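Residue numbers (this note's numbering): 3 to 210.
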Ligand SMILES: Cc1cc2nc3c(=O)[nH]c(=O)nc-3n(C[C@H](O)[C@H](O)[C@H](O)COP(=O)(O)O)c2cc1C
């Protein structure tokens with residue numbers, strides 16, 4: 003399978019080639035793959051902020067353990083969960099389904115009620131659930147990047163509260179969760195030479 007070859011080639015890139023930028027069309031394709039990600043009910047209660055501005059990235063690097071990928075990648079994607087997601091999020095989603103599929107929202111009332119009941123749980127539980135969806139988007143991005151020969155590094159090594167401050171996310175009712183830096187590997191990045199370390203199939207899969 004060609005995809006497996008690409009997945010074996012990809013690695014969490016530590017050093018990007020600062021002279022290379024992802025062409026606009028490829029960036030659009032990668033972002034589209036992330037937008038097409040699956041999510042619970044299809045709610046997609048998160049946003050992806052595409053950061054290219056060098057000055058902002060310099061600031062972000064200071065609150066990301068000084069990891070060079072933040073400034074040296076072609077773009078930095080910040081995945082941020084919606085902190086104000088509630089029943090109105092479901093209403094908006096239902097309207098989108100109705101419009102997209104030429105349906106009457108009334109015919110979606112049962113589905114809407116079911117989704118709304120999920121928001122009846124404590125806020126912490128709801129936020130935790132919605133945050134899980136963000137990681138599926140990250141996964142789609144990683145696989146799509148690999149398929150397109152775009153290098154990437156998923157990153158949790160950053161101060162999310164500081165990111166929210168620098169990017170003005172709080173005002174937008176967003177909270178940064180995880181990053182994906184994207185670009186092209188530097189030939190100096192010795193991590194690309196290392197063999198992939200994964201649990202063995204026997205250890206990883208359970209056949210019942
Ligand atoms: C959610 C998540 C957070 C990560 N955070 C960082 C990070 O902050 N910095 C970094 O260099 N790598 C980070 N990584 C990369 C992992 O260390 C890497 O994916 C793992 O060691 C497996 O290696 P591979 O992706 O190169 O195959 C992260 C990976 C994931 C999935």
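All C-beta atoms, glycine included, are put in the ideal place defined by N, C-alpha and C. Values in this document were obtained by computation on a predicted structure and should not be read as measured data.
Own chain residues within Cβ distance below 7 angstroms of residue i, not counting five before or after
i	result
residue 82	48, 49, 51, 171, 176, 177, 178 and 179
residue 133	83 and 179
residue 190	17
residue 203	none
residue 5	149
residue 106	100
Among the options, nearest to residue i - alpha-carbon criterion
i	options	result
residue 28	143, 100 and 107	143
residue 24	173, 85 and 152	152
residue 55	41, 68, 66 and 74	74
residue 184	5, 22, 4 and 11	22
residue 155	11, 15, 9 and 126	15
residue 7	200, 210 and 149	149
residue 192	19, 205, 127 and 9	19
residue 97	108, 87 and 88	108
residue 114	90, 127, 103 and 101	90
residue 46	85, 13 and 71	85
residue 123	205, 88, 80 and 5	88
residue 37	104, 138 and 4	138
residue 130	59, 3, 42 and 26	42
DSSP state of residue i mapped onto helix, strand, coil
i	result
residue 16	coil
residue 95	helix
residue 72	helix
residue 142	helix
residue 126	helix
residue 150	coil
residue 49	strand
residue 58	helix
residue 187	strand
residue 206	helix
residue 199	coil
residue 100	helix
residue 180	strand
residue 65	coil
residue 34	helix
residue 158	coil
Cβ shell of residue i (< 8 angstroms), same chain only, five flanking positions each side left out
i	result
residue 65	160, 161, 164, 165 and 168
residue 206	200
residue 67	159 and 160
8 angstroms Cβ cutoff met for residue i and residue j
i	j	result
residue 32	residue 53	no
residue 95	residue 44	yes
residue 140	residue 110	no
residue 157	residue 61	no
Whole-number beta carbon distance between residue j and residue i, since they are thought to touch under 8 angstroms
i	j	result
residue 187	residue 194	6 angstroms
residue 136	residue 117	Not really, about 18 angstroms apart at Cβ, beyond 8 angstroms.
residue 40	residue 146	Their Cβ separation, rounded to whole angstroms, is 13 angstroms, which puts residue 40 and residue 146 out of contact at 8 angstroms.
residue 198	residue 10	6 angstroms
Any non-hydrogen atom of ligand 2 closer than 7 angstroms to residue i Cβ
i	result
residue 198	Annotation note on ligand 2: not contained in the displayed structure, which lists ligand 1 as its ligands.
Residues near residue i in its chain [Cβ-Cβ closer than 6 angstroms; skip 5 each side]
i	result
residue 102	none
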